[in-house]
Amino acid sequence: GQSLEQPSEVTAVEGAIVQINCTYQTSGFYGLSWYQQHDGGAPTFLSYNALDGLEETGRFSSFLSRSDSYGYLLLQELQMKDSASYFCALAGYQKVTFGTGTKLQVIP
Amino acid sequence: GAGVSQSPSNKVTEKGKDVELRCDPISGHTALYWYRQSLGQGLEFLIYFQGNSAPDKSGLPSDRFSAERTGGSVSTLTIQRTQQEDSAVYLCASSLVDTQYFGPGTRLTVL
């Protein structure tokens, strides 16, 4: 099976940089995705890493290291609207498995 | 184009009643997922449909839960004899390759 671990909560200051880590166990997968979910809303896609390395999309970047079974989401120039839950997800050979989510609180 | 839609958006039912939740995926998406999310919790996988293959039902919590997908498009999640612990938001997502597109969810409340 597949399992993913994330910190449950992270707090960061507006304008700062924050990194949300995701470690996983799997027998094989296509890639690692990240999703954002605001309270009361549905998850929305942020980023996808099929290969090792860094993928940059505006203020958000995502990193994957298959050899370390590890990935992270990096948020730069934090804004108050970035306060949300962030989920990593493994795109496996059969289905997608989500992590437990990290609740990010951005404070002034 | 239209995204994933779900209906109803809210459903309040009495314990013991059956409910049906509907998901209309994005046209052409071959994969369809159902998840359950309790307040403040992560996404709990329920069931996965991929094309014409047999669905992956490994996440269904009990035999009271079932789902079908007709014509490779619309899906219905049925919960029989609802219990209070079934109260949650039920999310549907569809995908073509790896990126999942989520619907707005159905908030189910069992009294």
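Protein chains in written order, with the numbering used here: chain A, 42 to 149; chain B, 473 to 583. Here a beta-carbon is modelled for each residue, glycine too, at the ideal position from N, C-alpha and C. Computed from a predicted structure; not experimentally measured.
Original post:
Taking Cβ-Cβ distances below 9 Å as the criterion, which residues of the region 113–147 of chain A are in contact with chain B?
Top reply: Flagged, chain order: SER126, PHE128, ALA130, ALA132, GLN135, LYS136, VAL137, THR138, PHE139, GLY140, THR141, GLY142 and LYS144.
Original post:
Leaving out the 5 sequence neighbours to the left and right, which residues in its chain are closer than 7 Å to A/ALA125 when beta-carbon positions are compared?
Top reply: Counting only residues of its own chain and dropping the five nearest sequence neighbours on each side, A/ALA125 has a CB closer than 7 Å to the CB of GLN77, GLN78, HIS79 and LEU145.
Subject >> Neighbour list for B/TYR442 in chain A, Cβ cutoff strictly below 7 Å >> reply: Residue coverage of chain B in this structure runs from 473 to 583, which leaves residue 442 of chain B outside it and unanswerable.
**OP:** Run through the region 476–548 of chain B for me and flag every whole beta strand (DSSP E) of 3 or more residues, listed as ranges in chain order.
**Re:** Runs found: 477–479, 482–485, 491–496, 503–509, 516–522 and 537–541.
Subject >> Integer-rounded CB distance, given that B/TYR562 should sit under 8 Å from B/LEU549 >> reply: Rounded to the nearest angstrom, the Cβ distance from B/LEU549 to B/TYR562 is 6 Å, consistent with a contact under 8 Å.
**OP:** Identify the contact partners of A/PHE86 in chain B, using a Cβ-Cβ distance below 9 Å as the criterion.
**Re:** Result: THR571, GLN572, TYR573 and PHE574.
Original post:
Can you tell me the Cα-Cα spacing of A/PHE70 and B/GLN513, whole angstroms?
Top reply: In this structure, the alpha-carbon of A/PHE70 lies about 24 Å from that of B/GLN513.
**OP:** Let me know the secondary structure DSSP gives A/GLN60 once reduced to three states.
**Re:** It is a strand residue.
Original post:
Can you tell me the Cα-Cα spacing of A/ASN90 and B/THR571, whole angstroms?
Top reply: Looking at the two C-alpha atoms, the distance is approximately 11 Å.
**OP:** Examine the Cβ distances between the region 496–515 of chain B and the region 545–559 of chain B and report whether three or more of them are shorter than 8 Å.
**Re:** A contact is defined here as three or more CB-CB pairs under 8 Å, and the region 496–515 of chain B meets this definition with respect to the region 545–559 of chain B.
Original post:
Are there three or more Cβ pairs, one per stretch, closer than 8 Å when the region 538–546 of chain B is compared with the region 476–483 of chain B?
Top reply: Short answer: they don't touch.
**OP:** Quick one: give me the first and last residue of the beta strand (DSSP E) that A/LEU114 is part of.
**Re:** Note, A/LEU114: beta strand (DSSP E), 111–116.
Original post:
Looking at A/VAL137 and the ligand ATP, is the gap between the Cβ and the nearest heavy atom below 7 Å?
Top reply: Absence of the ligand ATP from the depicted structure is noted, as is the absence of any ligand whatsoever, leaving it without description.
Original post:
Which term fits A/ILE61, buried or exposed, when burial requires 16 or more other beta carbons within 10 angstroms of its beta carbon?
Top reply: A/ILE61 is buried by the Cβ-count criterion.
**OP:** Closer than 8 Å by beta-carbon distance: list the chain A residues that pair up with B/TYR505, in chain order.
**Re:** Result: LYS136 and VAL137.
Original post:
Any Cβ of chain A within less than 8 Å of the Cβ of B/LEU515?
Top reply: So, interface residue.
Original post:
Exposed or buried, which one is A/GLY142 when buried takes at least 16 other CB atoms within 10 Å?
Top reply: Buried.
Original post:
From the DSSP output, which residues share a beta bridge with A/ALA23?
Top reply: Any property of residue 23 of chain A remains undetermined from this structure, which presents chain A solely from 42 to 149.
Original post:
So, does the CB of B/GLY577 fall closer than 8 Å to a CB anywhere in chain A?
Top reply: It does; some Cβ of chain A falls within 8 Å.
**OP:** Go ahead and pull the three-state DSSP assignment for B/GLN572.
**Re:** Assigned with DSSP and collapsed to three states, B/GLN572 falls in strand.
Original post:
Does the distance from the CB of A/TYR73 to the CB of A/LEU95 come in under 8 Å?
Top reply: The sequence shown places Leu at residue 73 of chain A, not Tyr. With respect to the 8 Å criterion, A/LEU73 and A/LEU95 are not classified as neighbours on the basis of their beta carbons.
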